[in-house]
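Order-wise, the sequence lines are chains A and B. Take 420 as the starting number for the first sequence in the numbering used here and just add one per residue. Take 2 as the starting number for the second sequence in the numbering used here and just add one per residue. Ideal Cβ placement from N, Cα and C applies to all residues, glycine included. Since the model is a prediction, treat every value here as computed from it, not as a measurement. Below is one structure, written out as structure tokens; comments come after it.
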Amino acid sequence: MINFNRFSLENGLRVLVHEDRSTPLVALNILYDVGSRDENPDMTGMAHLFEHLMFGGSKNIPEYDKPLQLAGGENNAFTNNDITNYYLTIPSQNIETGFWLESDRMLELDFSQKNLDTQKNVVIEEFNQRYLNQPYGDAILKLRPLAYKVHPYRWPTIGMDITHIENTDLEQIKKFFFSHYAPDNAILALTGNITYDLAYKLTRKWFGPIEKRDVQSRNLTAEPSQTEERILSIEKDVPSTALYKVWHIGSRKSFDFYTLDLITDLLAGGESGRLHTKLVREKKLFSEINAYLTSDIDPGLIIVQGKLMKDIDIQNAEEAVNEVIASLQNGNGIAEEMEKVKNKFESTTVFSNTSILNKAMNLSFCELLGNPDLINQEVEAYRKVSKEMVVEATGRYFLPSNCSTLYYKSTRKDK
Amino acid sequence: MNSLLRIQPLVFPVEKVVIPEAKSFRLNNGVPVFLIEAGTEEIMRIEFTFRAGQVNEYLPLLASTSNMMLTEGSRNYSSEELNRLLDYHGAFLNLSAEKDRAGIVLFFLSKHIEKVLELSREILFRPAFPEEELNSLMKKRLRWYMVNREKVQNLALDQFFESVFGKHHPYGHQAGEQDFDRMNPALLTDFHSKYYTPDNMAVIISGKIHEKTTGLLNYYFGDITSKNIYTEDSENVLKGEKRKKVHIIKPGTVQTAIRIGSSTINKRHPDYSGLKILDLILGGYFGSRLMKNIREEKGYTYGISSSVSSLDLTGYKVISTEVGKKNCQKAIDEIYKEIRLLQSSPVNKDEMAVVRNYMSGEMVRMFDGPFALAESFRSVWEFGLDNNYYYKLSEKIRTIDPDEIIELARTYYNIDDLYEITAGS
Numbered sequence: 420m421i422n423f424n425r426f427s428l429e430n431g432l433r434v435l436v437h438e439d440r441s442t443p444l445v446a447l448n449i450l451y452d453v454g455s456r457d458e459n460p461d462m463t464g465m466a467h468l469f470e471h472l473m474f475g476g477s478k479n480i481p482e483y484d485k486p487l488q489l490a491g492g493e494n495n496a497f498t499n500n501d502i503t504n505y506y507l508t509i510p511s512q513n514i515e516t517g518f519w520l521e522s523d524r525m526l527e528l529d530f531s532q533k534n535l536d537t538q539k540n541v542v543i544e545e546f547n548q549r550y551l552n553q554p555y556g557d558a559i560l561k562l563r564p565l566a567y568k569v570h571p572y573r574w575p576t577i578g579m580d581i582t583h584i585e586n587t588d589l590e591q592i593k594k595f596f597f598s599h600y601a602p603d604n605a606i607l608a609l610t611g612n613i614t615y616d617l618a619y620k621l622t623r624k625w626f627g628p629i630e631k632r633d634v635q636s637r638n639l640t641a642e643p644s645q646t647e648e649r650i651l652s653i654e655k656d657v658p659s660t661a662l663y664k665v666w667h668i669g670s671r672k673s674f675d676f677y678t679l680d681l682i683t684d685l686l687a688g689g690e691s692g693r694l695h696t697k698l699v700r701e702k703k704l705f706s707e708i709n710a711y712l713t714s715d716i717d718p719g720l721i722i723v724q725g726k727l728m729k730d731i732d733i734q735n736a737e738e739a740v741n742e743v744i745a746s747l748q749n750g751n752g753i754a755e756e757m758e759k760v761k762n763k764f765e766s767t768t769v770f771s772n773t774s775i776l777n778k779a780m781n782l783s784f785c786e787l788l789g790n791p792d793l794i795n796q797e798v799e800a801y802r803k804v805s806k807e808m809v810v811e812a813t814g815r816y817f818l819p820s821n822c823s824t825l826y827y828k829s830t831r832k833d834k
Numbered sequence: 002m003n004s005l006l007r008i009q010p011l012v013f014p015v016e017k018v019v020i021p022e023a024k025s026f027r028l029n030n031g032v033p034v035f036l037i038e039a040g041t042e043e044i045m046r047i048e049f050t051f052r053a054g055q056v057n058e059y060l061p062l063l064a065s066t067s068n069m070m071l072t073e074g075s076r077n078y079s080s081e082e083l084n085r086l087l088d089y090h091g092a093f094l095n096l097s098a099e100k101d102r103a104g105i106v107l108f109f110l111s112k113h114i115e116k117v118l119e120l121s122r123e124i125l126f127r128p129a130f131p132e133e134e135l136n137s138l139m140k141k142r143l144r145w146y147m148v149n150r151e152k153v154q155n156l157a158l159d160q161f162f163e164s165v166f167g168k169h170h171p172y173g174h175q176a177g178e179q180d181f182d183r184m185n186p187a188l189l190t191d192f193h194s195k196y197y198t199p200d201n202m203a204v205i206i207s208g209k210i211h212e213k214t215t216g217l218l219n220y221y222f223g224d225i226t227s228k229n230i231y232t233e234d235s236e237n238v239l240k241g242e243k244r245k246k247v248h249i250i251k252p253g254t255v256q257t258a259i260r261i262g263s264s265t266i267n268k269r270h271p272d273y274s275g276l277k278i279l280d281l282i283l284g285g286y287f288g289s290r291l292m293k294n295i296r297e298e299k300g301y302t303y304g305i306s307s308s309v310s311s312l313d314l315t316g317y318k319v320i321s322t323e324v325g326k327k328n329c330q331k332a333i334d335e336i337y338k339e340i341r342l343l344q345s346s347p348v349n350k351d352e353m354a355v356v357r358n359y360m361s362g363e364m365v366r367m368f369d370g371p372f373a374l375a376e377s378f379r380s381v382w383e384f385g386l387d388n389n390y391y392y393k394l395s396e397k398i399r400t401i402d403p404d405e406i407i408e409l410a411r412t413y414y415n416i417d418d419l420y421e422i423t424a425g426s
């Protein structure tokens with residue numbers, strides 16, 4: 420059970436505090452409700468580029484990292500489709516330095532041309548490193564626009580075309596900042612060796628004076644229901660052929676989320692998951708196979724992906740995947756497997772919440788979803804999933820007409 | 002808003018860490034056990050570690066394959082049953098085979114201690130090494146290997162170890178495709194009976210330690226005896242290759258991986274703590290010289306880092322980065338420039354303060370929570386050292402002066418000794 424308190428400031432900043440005296444450290448997490456889904460289709464990759472710019476100095480502080488390091492702190496950040504999340508951990512006596520740094524970059528960034536030019540290069544190298552210079556690295560770049568035709572989830576966080584990053588200028592950067600970085604668009608979480616009173620006092624002192632901003636409300640066109648099976652086949656110089664299959668699901672807040680999460684755990688949770696047992700161990704069709712949910716806030720995807728063993732025909736492999744999924748519907752032997760994945764989920768949750776940083780991130784994200792108590796309710800929600808719900812959801816979501824398939828074929832003779 | 006109000010808060014010194022000492026005892030058969038009581042949740046971490054790493058192998062892949070086959074079936078359980086039971090009890094098992102040591106680490110809810118120990122005994126001391134599972138594992142591993150060999154960072158790192166330690170030493174040899182055909186159950190059984198023995202073993206436990214732990218450990222592990230099989234020490238000597246620069250051609254890649262470094266002292270050497278600080282300044286944190294220059298100033302890369310690592314027989318230091326092909330030589334030149342600068346100009350007061358404080362904060366993080374404590378314990382224990390290593394490091398962080406850093410850079414970063422490995426198109 421994670422005990423926490425919440426408050427909010429007049430400027431709209433929402434704050435959560437969880438005290439844990441067993442550590443000498445404090446974690447400070449600040450979540451901005453902006454991700455790549457908020458980008459203009461002609462200017463993708465902005466949210467992520469922006470994350471990089473946030474370390475290049477702010478209104479009153481020329482350099483972010485140095486004062487934090489001087490105070491014994493460590494930090495990082497990530498961006499995804501939905502959010503941009505910044506975090507630091509610091510010995511508790513220096514937590515005020517964290518407030519000073521984070522509030523100053525919420526107040527205003529130092530929009531420097533030099534920083535923008537450098538970070539564009541850094542992001543281009545990041546794109547090369549992650550997507551172009553890795554075998555199968557571009558698979559996700561092909562899958563997204565296959566599954567999404569309208570919704571901004573059709574492009575990846577790094578951007579759909581790297582020229583968008585190259586062409587960005589300071590004016591666009593400033594506009595992006597003032598329309599998304601604001602106290603009324605952020606959630607602050609403090610966990611670890613800090614009292615509620617101190618957190619309250621320091622939040623008012625440092626974030627209180629920042630004015631509310633005109634944050635545009637989000638108005639995204641929903642992805643229309645898919646009605647026909649979609650297939651894309653590409654050929655690449657990679658060692659093995661790979662198979663990717665995705666199905667549309669509901670939003671992170673939908674009733675089915677935990678059922679689907681449990682289904683992917685039955686399929687691929689650990690070494691004893693059905694896909695691994697049947698297709699890697701028994702039939703030896705795949706060298707590895709995985710299944711997971713994208714966990715996006717707007718309607719997301721179930722992804723099944725695997726790499727084939729040598730000389731295996733991709734149609735046979737795909738058929739075998741479909742059979743394993745269909746086997747969930749007959750319900751045979753499922754009760755013990757369900758108990759197993761429920762135990763594992765509980766244990767995963769307990770382990771995740773031993774870290775003050777994870778607790779801070781989870782609290783912020785649950786608050787964004789509209790229910791901070793979710794952090795203590797997820798195990799229960801997952802435990803409530805019944806065999807009938809699994810059978811029903813399998814039948815409803817894993818339909819060919821709801822599926823997009825990518826055949827990522829190896830061109831090598833000895834594949 | 003009035004910026005005068007935004008005055009930088011005072012920074013307070015980070016207190017010296019106080020590290021809880023591990024309690025130790027021996028099982029009935031003499032196996033050492035270390036207990037670190039920590040944390041607030043009812044969870045535990047148990048590590049079983051053996052001197053069964055690559056350094057002991059007489060064929061490439063033997064140590065890692067023996068380790069990976071531990072969970073592929075035992076006297077009383079099939080591989081499927083082992084995996085299912087571990088999952089059913091919410092336990093996480095990590096297999097590990099490193100250059101010197103190998104073993105397993107388990108994370109679980111303390112209440113499942115008995116089941117976890119029972120399964121651990123099966124996994125560690127009663128493996129069946131079934132042939133069919135072995136063949137299937139080797140086929141899978143070959144596929145993974147082929148995917149890994151597509152990545153320039155792996156090509157460069159494998160070559161780095163070969164160049165620095167020599168292709169005939171187990172620290173340096175690179176596995177090739179043909180090695181995946183050479184494993185058989187008899188080899189694994191032999192390796193296992195020589196190295197997965199009580200004489201070679203230690204147990205490190207941390208978390209909220211269940212009261213039954215000691216008794217159960219003795220019950221499951223205390224009567225296992227070593228077979229006293231004579232093992233010869235390897236006659237291979239560590240000997241770096243003559244060629245200092247190697248480029249591996251990987252057509253079609255857009256970035257080149259760079260690995261620059263050499264063998265060096267390890268944790269047992271009195272200069273090691275100073276070398277750690279020097280390494281941090283060069284490339285060990287986000288504010289390092291290499292990051293500032295090559296990423297934040299020039300934008301040549303997404304990341305660049307340096308590290309110093311200890312092995313039982315030696316140590317090594319390596320600078321790692323991936324850069325766009327056209328900037329490769331420029332990045333290499335800048336790396337050497339930064340090393341020369343550390344050899345010739347004293348680090349200024351400002352930077353020294355950042356380094357001292359950042360590292361002091363890192364030391365707090367190294368001992369925060371049961372898992373971090375266990376890892377920090379193991380990484381000195383395996384060198385025959387104790388927490389004094391950390392207290393001395395902590396003292397060195399406070400007292401090292403810029404002249405000493407110059408001296409260390411001259412002694413340990415002789416540019417003529419460094420290997421320069423690149424992989425790219």
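Where residue i falls: helix, strand or coil (DSSP)
i: residue 627 of chain A; result: coil
i: residue 322 of chain B; result: strand
i: residue 432 of chain B; result: Residue 432 of chain B is absent from the structure shown; chain B starts at 2 and stops at 426.
i: residue 184 of chain B; result: coil
i: residue 170 of chain B; result: coil
i: residue 477 of chain A; result: strand
i: residue 248 of chain B; result: strand
i: residue 460 of chain A; result: coil
Alpha-carbon spacing of residue i relative to residue j, whole angstroms
i: residue 10 of chain B; j: residue 340 of chain B; result: 34 Å
i: residue 150 of chain B; j: residue 661 of chain A; result: 17 Å
i: residue 259 of chain B; j: residue 300 of chain B; result: 16 Å
i: residue 143 of chain B; j: residue 178 of chain B; result: 7 Å
i: residue 466 of chain A; j: residue 715 of chain A; result: 16 Å
i: residue 789 of chain A; j: residue 548 of chain A; result: 36 Å
i: residue 578 of chain A; j: residue 457 of chain A; result: 12 Å
i: residue 614 of chain A; j: residue 821 of chain A; result: 49 Å
i: residue 674 of chain A; j: residue 639 of chain A; result: 21 Å
i: residue 509 of chain A; j: residue 71 of chain B; result: 40 Å
i: residue 7 of chain B; j: residue 479 of chain A; result: 8 Å
i: residue 246 of chain B; j: residue 414 of chain B; result: 16 Å
i: residue 59 of chain B; j: residue 202 of chain B; result: 20 Å
i: residue 1 of chain B; j: residue 278 of chain B; result: This structure leaves residue 1 of chain B out entirely; chain B is present only between 2 and 426.
Spatial neighbours of residue i in its chain, beta-carbon cut-off 7 Å, leaving aside the 5 residues before and after
i: residue 442 of chain B; result: Look at the range of chain B in this structure, 2 to 426, and you will see that residue 442 of chain B is not part of it.
i: residue 375 of chain B; result: 37, 46, 48, 205 and 207
i: residue 232 of chain B; result: 195
i: residue 819 of chain A; result: 648
Proximal residues to residue i (C-beta, below 6 Å), its chain only, five neighbours per side dropped
i: residue 2 of chain B; result: For residue 2 of chain B, the pLDDT reaches just 49, beneath the cut-off of 50, and the residue's location in the model is therefore unreliable, although a value from the coordinates is still provided. Within the same chain, residue 2 of chain B has no close Cβ partners at all.
i: residue 200 of chain B; result: 227
Supposed close pair residue i, residue j - CB separation, criterion 8 Å
i: residue 386 of chain B; j: residue 268 of chain B; result: 6 Å
i: residue 81 of chain B; j: residue 691 of chain A; result: 7 Å
i: residue 156 of chain B; j: residue 424 of chain B; result: 4 Å
i: residue 698 of chain A; j: residue 682 of chain A; result: Not a contact, Cβ separation roughly 16 Å.
Chain A residues whose Cβ lies nearer than 7 Å to that of residue i
i: residue 84 of chain B; result: 689, 690 and 691
Chain-ordered chain B contacts of residue i [CB-CB under 7 Å]
i: residue 728 of chain A; result: 140 and 144
i: residue 763 of chain A; result: 88 and 91
Near the ligand FAD: residue i beta-carbon under 7 Å from a heavy atom
i: residue 476 of chain A; result: The ligand FAD is not part of the structure shown, which contains no ligands of any sort.
Neighbouring residues, chain A, relative to residue i (Cβ below 9 Å)
i: residue 152 of chain B; result: 552, 553 and 554
i: residue 44 of chain B; result: 766, 769, 770 and 773
Sequence-distant residues of the same chain with beta carbon closer than 8 Å to residue i, five excluded per side
i: residue 771 of chain A; result: 777 and 781
i: residue 369 of chain B; result: none
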